[in-house]
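Below is one structure, written out as structure tokens, with a few remarks after it.
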Amino acid sequence: MNKVQGSAAEAVADIPDGASLAVGGFGLSGVPEILIRALHEQGAGGLRVVSNNCGVDGRGLGVLLAAGRIARVTGSYVGENKEFARQYLSGELEVELVPQGTLAERLRAGGAGIPAFYTPAGVGTQVANGGLPWRYATDGTVAVASPPKEIRDFEGRPHVLEHGITTDYALVRAWRGDRHGNLVFRKAAANFNPPAAMAGRMTVAEVEELVEPGELGPDEVHLPGVFVQRVVELTAAQAADKEIERLSISASSTRGTVRA
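Here it is, written out as structure tokens:
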């Protein structure tokens with residue numbers, strides 16, 4: 003039951019070329035930075051990533067992207083990553099853009115063993131009708147477009163069929179965790195980390211604070227250890243290394259309140 007690994011490098015050592023990965027985080031909040039860096043050093047390429055966004059230049063998944071290690075991204079936001087946009091528009095990267103709530107539910111459904119579900123999100127758009135550019139050709143034309151999806155009416159309202167997502171591996175970050183893999187996420191890090199962890203067949207969690215089994219009360223646990231196979235304990239310095247994607251300061255605040 004002790005799922006703690008000796009290092010992040012050990013935890014990702016068996017991820018092969020072409021593997022599919024569900025990666026937690028939103029922007030730079032709750033991103034498994036240490037595992038991503040270890041995977042970068044490990045050298046796997048041709049990765050198929052499912053994540054809300056692809057980090058920023060030089061942080062998060064942006065590290066793997068800049069190294070040419072990612073072949074396909076399923077996400078909901080291009081974000082502040084200029085390299086992501088460049089690779090997509092130049093035809094170097096295949097991208098499936100999904101409505102944000104739909105992406106979260108596709109991950110959760112996959113982890114719960116639900117193969118597909120209907121949602122009204124995207125009805126009447128290219129999300130449902132097809133034609134979204136997945137991959138561009140070098141001349142700027144669309145090389146691969148999304149296919150149309152099944153539409154079905156429920157109580158007189160059309161819904162589009164979306165498929166659950168499962169991946170070979172999942173990389174997530176938690177605030178606290180125990181040796182059995184039970185995890186607690188803090189604030190904004192509780193966004194895509196739980197469903198990403200559920201979707202992975204082999205889930206690796208980096209934890210800022212490792213505790214012994216029994217220290218986490220049942221009501222505290224956000225994700226039970228049954229969904230987690232490997233745990234990596236971060237050092238204090240690694241846990242504290244958190245970058246803000248975009249910093250703004252309110253001019254109207256007399257105390258100089260910082261907002262991220």
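Heads up: the sequence shown runs through residues 3 to 262, numbered per my numbering. Where is the CB? At the ideal position from N, CA and C, for every residue including glycine.
Below 8 Å between beta carbons: does that hold for V146 and E96?
Counting from one through the sequence shown, the residue named residue 146 turns up at place 144. Counting from one through the sequence shown, the residue named residue 96 turns up at place 94. Going by C-beta atoms, V146 is nearer than 8 Å to E96.
Ends of the alpha helix (DSSP H) at A68?
If you number the sequence shown from 1, residue 68 lands on position 66. Run containing A68: 64-68, per the alpha helix (DSSP H) assignment.
Does the Cβ-Cβ distance between D170 and S22 come in under 8 Å?
On the sequence shown, position 168 is the one that residue 170 refers to. On the sequence shown, position 20 is the one that residue 22 refers to. Taking 8 Å as the Cβ cut-off, D170 and S22 qualify as a contacting pair.
Straight-line gap, R50 to L91 (C-alpha atoms, nearest Å)
On the sequence shown, residue 50 is found 48 positions in, with the first residue counted as 1. On the sequence shown, residue 91 is found 89 positions in, with the first residue counted as 1. Distance between the alpha carbons of R50 and L91 is about 18 Å.
If you draw a straight line from the C-alpha of A87 to the C-alpha of K189, how long is it?
In the sequence shown, the residue the question calls residue 87 occupies position 85. In the sequence shown, the residue the question calls residue 189 occupies position 187. Going by the C-alpha atoms only, they are around 29 Å apart.
Beta-ladder partner(s) of D221, from DSSP
Numbered from its first residue, the sequence shown carries residue 221 at position 219. Answer is none; D221 lacks a bridge partner.
For M200, report the span of its alpha helix (DSSP H) as first-last.
Walking along the sequence shown from the start, residue 200 turns up at place 198. Its alpha helix (DSSP H) spans residues 195-201.
Report yes if the CB atom of L99 is closer than 8 Å to the CB atom of L134, and no otherwise.
Walking along the sequence shown from the start, residue 99 turns up at place 97. Walking along the sequence shown from the start, residue 134 turns up at place 132. In contact: L99 and L134 (Cβ atoms closer than 8 Å).
Backbone CA spacing between G183 and G64 [nearest angstrom]
In the sequence shown, the residue the question calls residue 183 occupies position 181. In the sequence shown, the residue the question calls residue 64 occupies position 62. So the alpha carbons of these two residues sit roughly 27 Å apart.
Tell me whether A21 sits in a helix, a strand or coil according to DSSP, three-state version.
Along the sequence shown, one-based indexing puts residue 21 at 19. Correct three-state label for A21: coil.
Contained alpha helix (DSSP H) runs [length at least 4] in the segment 126-180, N- to C-terminal order:
128-131
How long is the line joining the alpha carbons of V233 and D180, rounded to whole angstroms?
Within the sequence shown, residue 233 is the residue found at index 231, counting from 1. Within the sequence shown, residue 180 is the residue found at index 178, counting from 1. Distance between the alpha carbons of V233 and D180 is about 8 Å.
To the nearest angstrom, how far is the alpha carbon of R261 from that of K244?
Translated into the one-based positions of the sequence shown, residue 261 becomes position 259. Translated into the one-based positions of the sequence shown, residue 244 becomes position 242. With a pLDDT of 45 at R261, under the threshold of 50, the predicted position of this residue should be treated as unreliable, though the coordinate-derived value follows. Roughly 15 Å separates the two Cα atoms.
Y90 - DSSP class collapsed to helix/strand/coil
Here residue 90 corresponds to residue number 88 of the sequence shown, with the count starting at 1. Helix, per DSSP.
Supposed close pair A201, I167 - CB separation, criterion 8 Å:
Walking along the sequence shown from the start, residue 201 turns up at place 199. Walking along the sequence shown from the start, residue 167 turns up at place 165. Indeed, because the Cβ distance is near 5 Å, the residues count as touching under 8 Å.
In this structure, how does DSSP classify E211 when only helix, strand and coil are distinguished?
Within the sequence shown, residue 211 is the residue found at index 209, counting from 1. It is a strand residue.
Under the three-state reduction of DSSP, which class applies to T259: helix, strand or coil?
Reading the sequence shown from its first residue, position 257 is the one you call residue 259. With a pLDDT of only 49 at T259, under the threshold of 50, the placement of this residue in the model should not be trusted, and no figure is reported.
R108 lies in the alpha helix (DSSP H); which residues open and close that run?
As a working mapping, residue 108 is identified with position 106 in the sequence shown. Taken as a continuous stretch (DSSP letters only), the alpha helix (DSSP H) holding R108 covers 102-113.
According to the Cβ coordinates, are R175 and G26 closer than 8 Å?
For this step, residue 175 is matched to residue 173 along the sequence shown. For this step, residue 26 is matched to residue 24 along the sequence shown. Yes, these two residues count as a Cβ contact at 8 Å.
From the DSSP output, which residues share a beta bridge with V14?
Residue numbering aside, residue 14 sits at position 12 when the sequence shown is read from its first letter. BP columns for V14 are empty, so no partner.
DSSP three-state label for V230, please.
On the sequence shown, residue 230 is found 228 positions in, with the first residue counted as 1. Three-state result, V230: coil.
Taking the CB atoms as reference points, tell me whether R137 and G70 lie closer together than 8 Å.
Here the question's residue 137 lines up with position 135 in the sequence shown. Here the question's residue 70 lines up with position 68 in the sequence shown. Going by C-beta atoms, R137 is not nearer than 8 Å to G70.
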